[in-house]
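Those letters in the sequence shown? Residues 1103 to 1256, by the numbering used here.
Cβ atoms here follow ideal geometry from the backbone N, Cα and C, with glycine treated the same way.
Down below is the structure, laid out as structure tokens.
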Amino acid sequence: MNYHRYYPVDVVNGTGTRCTLFVAGCLHQCKGCYNKSTWKIDSGKPFTQVIENQIITDLQDQRIVRQGLSLSGGDPLHPQNVAAILQLVKRIKLECPDKDIWLWTGYTLDQLTANQRAVVNYLDVIVDGKFIQALHEPNLLWRGSHNQVIHKLA
Ligand code: SF4
1103 MNYHRYYPVD VVNGTGTRCT LFVAGCLHQC KGCYNKSTWK IDSGKPFTQV IENQIITDLQ
1163 DQRIVRQGLS LSGGDPLHPQ NVAAILQLVK RIKLECPDKD IWLWTGYTLD QLTANQRAVV
1223 NYLDVIVDGK FIQALHEPNL LWRGSHNQVI HKLA
């Protein structure tokens, strides 16, 4: 998996202070996408063990307490991202059990394959669905268009 940006301290992608990772790769091609540069699966930089370890360290940091991790992109549930994302979310629930995990995907819940659903088992919140420009509203919280749904899973 590749990623574009990692913010160790973020307050705009989900509730509370969080770590946020924007991964590479998205197949949805939504018109009006705000993040087109992330579409190519081989764009960005390799998501290495070093970055994975850094996320765990940041989530365990007692000086700046984070509520959890946000996963966005691109699409963290792009079929080629699923293995790395699954490994990451499993580690977080094991090593940082008090942290929550939010994930944004262009798939709707009912479109997910069994592999993608395996990731969902470890999530606290998933925001699903493509961005639809005609349904865009700038003041929506944590989503870009009305069709997208914030599912609280835990
Ligand atoms: S799912 Fe998100 S990143 Fe992918 S094309 Fe749509 S708006 Fe862009």
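- For Lys1142, the shortest separation between its Cβ and any heavy atom of the ligand SF4 does not lie below 7 Å.
- Annotation for Thr1159: the continuous alpha helix (DSSP H) segment containing it runs 1151-1162.
- In the three-state scheme derived from DSSP, where H, G and I count as helix and E and B as strand, Ser1145 is classed as coil.
- Per DSSP, Val1113 lies in no alpha helix (DSSP H) segment and is marked neither H nor E.
- Here Lys1254 carries a strand assignment [DSSP, helix/strand/coil].
- With respect to Thr1122, Tyr1109 sits close: the two C-beta atoms are nearer than 8 Å.
- Spanning the alpha carbons of Phe1149 and Thr1140 requires a straight line of approximately 14 Å.
- According to the DSSP assignment, Val1191 belongs to the alpha helix (DSSP H) that extends over 1184-1197.
- Per DSSP, reduced to three states, the secondary structure at Thr1140 is helical.
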